[in-house]
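In our numbering, the protein residues as written are 202 to 900.
Heads up, the thing below is written out as structure tokens.
Written out as structure tokens, the structure reads:
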């Protein structure tokens with residue numbers, strides 16, 4: 202629940218806004234801010250919205266040298282989305298898989314694993330040295346998002362690490378982009394509550410902006426009939442499993458952002474934090490009703506952009522700082538009290554207490570030169586410093602700091618600073634150079650070529666090129682042929698962490714990939730747009746510990762081919778339909794993401810039923826997911842069943858200032874389940890039908 206301190210903070214923020222506001226908000230002054238305006242946009246207007254994710258220069262998604270999706274704030278509002286996870290659910294080829302550990306959202310593109318996804322917020326990478334997006338990551342409140350820009354395909358030639366299968370950049374609401382003040386509250390199923398505000402103004406020649414969001418939920422707490430401890434109880438004749446029982450997934454979230462801008466300068470500062478994060482199930486698939494984790498992430502970023510520093514020259518400079526920390530609180534209860542194995546019995550269970558912090562400084566400078574006829578050349582360089590510090594780990598099982606096995610039932614032992622802690626305190630330094638040329642060959646042809654060089658202090662260097670040919674084949678047809686290479690650097694867990702099950706390898710190379718895309722965008726009529734995209738994703742040097750020694754090695758490869766179809770139809774001024782379908786053909790490699798379906802589909806409709814009313818309907822289809830039946834120990838369970846989950850939102854703009862909305866998630870109460878390992882034989886139930894209500898006030 203939202204506590205008294207959070208209530209007071211929100212009231213103080215709202216009072217500050219009321220005191221600062223000089224005039225009443227008027228729809229007439231901001232006609233483009235209304236949902237009604239967004240729904241009534243022509244298809245031509247929608248596809249002419251500009252994005253910068255592909256080249257750092259403004260381009261429409263249709264003509265950008267990448268397969269790009271753009272989602273706006275009004276688009277988000279129409280669906281009733283409350284979190285980035287909801288926002289991304291309709292992107293072709295993108296599946297957000299719920300992890301059993303904390304119900305953490307794992308973003309997966311085109312059948313690749315979540316480690317091949319680069320997620321950024323305002324250009325800040327969310328990928329850390331140890332836990333990818335963060336061990337307790339819960340997404341981002343939708344109320345702070347201005348738009349989301351997405352590349353389906355590689356992005357290392359521009360962004361560097363981790364941009365192998367897809368790139369997401371979330372642009373938040375900042376100074377100069379917030380045209381009105383707003384406060385809102387929502388509540389719904391699973392005892393979910395949230396409150397938010399935004400404010401934009403001008404002070405003494407400076408543009409200022411602020412957003413804040415606090416939320417609290419008990420989570421959907423799915424019933425787990427059999428967990429990873431049940432089979433061990435049968436083996437050791439014990440009864441310590443907590444199954445059947447509920448996996449508890451509650452948490453509290455806070456998000457506060459401030460920005461200030463003047464002329465060519467902008468400063469962003471932000472805080473994201475999750476508290477009392479219940480993990481529900483351990484990595485072993487064992488119910489854990491004890492653990493409550495915490496995390497926090499601070500950032501302060503300075504930007505300078507001068508589009509006319511001299512004739513034909515543009516200059517961009519960025520300096521960013523992030524500090525993030527994680528804590529498991531009293532520790533993960535990896536196994537329940539009374540757990541027994543070959544070493545003995547653990548009266549308090551197996552406890553794993555972890556804490557760590559990381560700080561990061563990123564500098565990047567680039568210049569754009571337009572002095573050569575038909576060429577736009579961007580050259581840039583930068584430096585990143587990452588420092589993992591305050592690493593602490595205490596355990597009562599496994600390997601002790603001296604390399605010997607700990608006795609069963611003993612006290613917590615400190616592994617901090619030993620080779621057997623989950624990660625060492627260490628730094629990583631990265632230098633990078635990149636170049637890109639956009640060559641307008643003719644009115645119908647444009648070639649984008651570029652490459653980026655990254656040099657890492659802990660494993661060496663890598664070069665990743667890109668080529669993109671965009672052809673305006675006819676007045677209605679745009680064709681793209683795209684090629685790119687990308688990489689994922691080894692994490693600190695893979696380089697340095699020694700456990701009872703895995704051994705590190707400081708000589709690891711990065712995982713590599715190469716992708717081909719052939720894309721066709723066809724404007725069949727003014728109100729009908731069709732898109733066909735064919736892709737081939739080849740993933741090599743996959744890091745795995747599946748060998749006999751348990752040491753991480755670069756010894757895997759995997760190939761995915763697929764097709765993505767999209768259709769957008771504006772049936773009338775007030776009625777829009779959108780649908781997409783993805784089919785993937787994965788090879789039989791044992792390194793494939795077996796939890797990903799071969800088929801996915803999405804449908805959405807928006808209806809302006811009456812003046813001031815809008816009805817949105819969405820349906821997500823996830824196909825059947827087979828088990829891994831190869832190898833010496835095949836998984837003989839039946840495939841995970843396909844499902845369709847339908848959501849609907851009704852929104853009413855009562856006055857120029859007041860808005861009301863009601864949403865139902867999983868309208869038909871579908872029994873949808875997420876793929877899990879054999880420790881949870883019945884897989885992970887996703888949320889049942891739930892309902893939410895929302896009130897907004899603009900001023």
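We put the beta carbon where it would ideally sit given N, CA and C, even for glycine.
It should be emphasised that the depicted structure is a prediction, and the values quoted were computed from it without experimental measurement.
Helix, strand or coil at residue i [DSSP, three-state]
i: residue 531; result: coil
i: residue 299; result: strand
i: residue 886; result: strand
i: residue 169; result: Past the edges of the chain, shown from 202 to 900, lies residue 169, and the structure says nothing about it.
i: residue 627; result: strand
i: residue 771; result: strand
i: residue 254; result: coil
i: residue 673; result: coil
i: residue 510; result: strand
i: residue 595; result: strand
i: residue 305; result: coil
i: residue 681; result: strand
i: residue 345; result: helix
i: residue 810; result: coil
i: residue 686; result: strand
i: residue 474; result: strand
i: residue 545; result: strand
i: residue 864; result: strand
i: residue 264; result: coil
i: residue 276; result: helix
i: residue 902; result: The question about residue 902 has no answer, for the chain in this structure spans 202 to 900.
i: residue 313; result: coil
i: residue 294; result: coil
Per DSSP, the bridge partner or partners of residue i
i: residue 385; result: 397 and 897
i: residue 350; result: 271 and 370
i: residue 515; result: 569
i: residue 562; result: 522 and 586
i: residue 796; result: According to DSSP, which records beta bridges pairwise, residue 796 is partnered with nothing at all.
i: residue 338; result: Its beta-bridge partners do not exist; DSSP assigns none.
i: residue 666; result: 652
i: residue 463; result: 466
i: residue 638; result: 578 and 650
i: residue 557; result: 527
i: residue 838; result: Paired residues: none, contrary to the question.
i: residue 740; result: 714 and 759
i: residue 704; result: 752
i: residue 875; result: 885
Burial state of residue i (16 or more Cβ within 10 Å)
i: residue 873; result: buried
i: residue 573; result: exposed
i: residue 651; result: buried
i: residue 750; result: exposed
i: residue 548; result: exposed
i: residue 796; result: buried
i: residue 669; result: buried
i: residue 837; result: exposed
i: residue 826; result: buried
i: residue 194; result: Here the chain has residues from 202 to 900 only, and residue 194 is not among them.
i: residue 884; result: buried
Chain C contact for residue i (CB, 8 Å cutoff)
i: residue 655; result: Given the protein chain composition of this structure (a single chain), no chain C is represented.
Residue i: CB within 7 Å of a non-hydrogen atom of the ligand MG
i: residue 485; result: Only the bare structure without any ligand can be found here, which leaves the ligand MG out of the picture.
- Say whether the region 850 to 863 touches the region 830 to 839, bearing in mind that this needs 3 or more beta-carbon pairs closer than 8 Å, one atom from each stretch. no
- Do three or more CB pairs link the region 454 to 473 to the region 438 to 445 at distances below 8 Å? no
- Message: I'd like the ranges of any beta strand (DSSP E) spanning at least 3 consecutive residues and lying wholly in the region 430 to 460.
- Response: none
- Decide yes or no for the touch test of the region 510 to 518 against the region 477 to 494: beta carbon pairs closer than 8 Å, at least 3 of them. no
- Message: Using a Cβ distance threshold of 8 Å, determine whether the region 609 to 629 contacts the region 590 to 601, with at least three qualifying pairs required.
- Response: yes
- Task: Determine, using beta-carbon pairs with one atom in the region 599 to 608 and one in the region 632 to 650, whether at least three such pairs fall under 8 Å.
- Result: no
- Task: Specify whether the region 859 to 871 and the region 888 to 898 touch according to this definition: at least 3 beta carbon pairs, one from each stretch, less than 8 Å apart.
- Result: yes
- Would you call the region 494 to 502 and the region 396 to 408 in contact, with 3 or more CB pairs under 8 Å? no
- Message: If contact is defined by three or more beta carbon pairs under 8 Å, each pair taking one atom from either stretch, is the region 323 to 341 in contact with the region 715 to 727?
- Response: no
- Message: Whether or not the region 340 to 352 and the region 448 to 464 are in contact is what I'm after, with contact meaning three or more pairs of Cβ atoms, one per stretch, closer than 8 Å; do they touch?
- Response: yes
- Message: Check whether the region 813 to 823 and the region 839 to 846 are in contact - that is, three or more C-beta pairs closer than 8 Å.
- Response: yes
- Message: Below 8 Å, how does it come out for the region 673 to 686 and the region 706 to 724: are there three or more Cβ pairs, yes or no?
- Response: yes
- Message: For the region 351 to 360 against the region 524 to 542, do three or more pairs of beta-carbon atoms, one drawn from each stretch, fall closer than 8 Å, so that the two count as touching?
- Response: no
- Given 8 Å as the limit, is there contact between the region 729 to 745 and the region 761 to 774, that is, 3 or more CB pairs closer than that? yes
- Item | Three-pair Cβ contact test at 8 Å for the region 300 to 314 versus the region 782 to 796 | yes
- Task: Please confirm if the region 582 to 589 is in contact with the region 553 to 561, defined as three or more CB-CB distances below 8 Å between the two stretches.
- Result: yes
- State whether the region 706 to 716 contacts the region 371 to 382, with contact taken as three or more CB pairs (one from each stretch) at a distance under 8 Å. no
- Could you tell me whether the region 267 to 276 touches the region 345 to 354, using the rule of 3 or more Cβ pairs below 8 Å? yes
- Message: For the pair the region 629 to 640 and the region 569 to 583, tell me if three or more CB-CB distances fall below 8 Å.
- Response: yes
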